[in-house]
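All residue numbers for the sequence shown refer to our numbering, where the first residue is 863 and numbers rise by one.
For each residue, glycine too, the CB sits at the ideal point set by N, CA and C.
As the structure is a computational prediction, the values presented were derived from the model and not from experiment.
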Amino acid sequence: MADESWRIPMLVQELAAKVQQPPSRYVQPEQYHPVSLVVGAEKPEAIPVIDLSRLWAADGADDEGSKLRLALQSWGLFLVDNHEIETSLMDDLINASREFFHLPLKEKLKCSNLIDGKHFQVEGYGNDPVTSKDQTLDWLDRLHLRVEPEDERNFVHWPEHPNSFR
863 MADESWRIPM LVQELAAKVQ QPPSRYVQPE QYHPVSLVVG AEKPEAIPVI DLSRLWAADG
923 ADDEGSKLRL ALQSWGLFLV DNHEIETSLM DDLINASREF FHLPLKEKLK CSNLIDGKHF
983 QVEGYGNDPV TSKDQTLDWL DRLHLRVEPE DERNFVHWPE HPNSFR
């Protein structure tokens, strides 16, 4: 069986403690670098903002729907306005996430996205899957959890700390 250790990159937190600059596998090829802003150059297009309240309204839903479609086709993302999520809930989520990512690595690895340290699964803490030796890697560690539908939540991958996380 061929050595496929390249499929499981070192966690970025571990790597960052050992290197001064990202290894070449983490450096995007030049053709993917963001275009430098030059003084006097035209300002880049603003990220689209989608008003969710207009999507549900009787008037304006078609216009907002067209705007959403264009945002997804051109940008692949958008900002959301009027989502009606309580600010306190968003603040609590951000604070719990920060607390999780400030935990020692050993604690975060309790919810690893690797089965037996070798087999990648989407849910849990770790990196994104690596499908090719030539793949440029993202400089990130992430925590991916299934939230909905509720009956598909797998608390095995959910952190026990901070206590507020669950």
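Could you tell me the boundaries of the alpha helix (DSSP H) in which residue i lies?
i	result
I956	949-963
V874	874-878
D921	Segment: none, D921 is in no alpha helix (DSSP H) and carries neither H nor E.
E866	Premise fails: E866 is in no alpha helix (DSSP H) and is neither H nor E.
K995	Per DSSP, K995 belongs to no alpha helix (DSSP H) and is neither H nor E.
L967	967-970
Quick check on residue i: does DSSP put it in helix, strand or coil?
i	result
V1009	coil
R1028	coil
L976	strand
R1004	strand
V1018	helix
S886	helix
Beta-carbon separation of residue i and residue j under 8 angstroms?
i	j	result
E969	N1016	no
L1007	H1019	yes
D1003	V874	yes
P891	L999	no
F1027	A958	yes
Between which two residues does the beta strand (DSSP E) harbouring residue i extend?
i	result
D943	941-943
G988	986-988
D913	911-913
Nearest CA to the CA of residue i: which residue from the options?
i	options	result
L881	D1013, E1010, W1001, S1026	According to the sequence displayed, residue 881 carries Val and not Leu. Residue W1001 is the option with its Cα nearest to V881.
I909	P885, P1021, S936	S936
A933	E948, E907, T949	E907
S886	D996, L1005, N1025	D996
G988	K980, L1005, G979, H981	L1005
E866	N1025, V889, T993	T993
F962	P884, A878, V889, P1021	P1021
E879	L967, E1012, E948	The sequence shown places Ala at residue 879, rather than the Glu named in the question. Considering only alpha carbons, the answer is L967.
For residue i, decide whether its Cβ has a neighbour in chain D, counting only Cβ atoms nearer than 8 angstroms.
i	result
L965	Considering every chain present, this structure includes no chain D. It has just one protein chain.
Review point. Are at least three pairs of beta-carbons, each pair with one atom in the region 942-955 and one in the region 906-918, less than 8 angstroms apart?
Key: yes
Point to revise | Any 3 or more C-beta pairs closer than 8 angstroms across the region 945-964 and the region 923-933 | key: no
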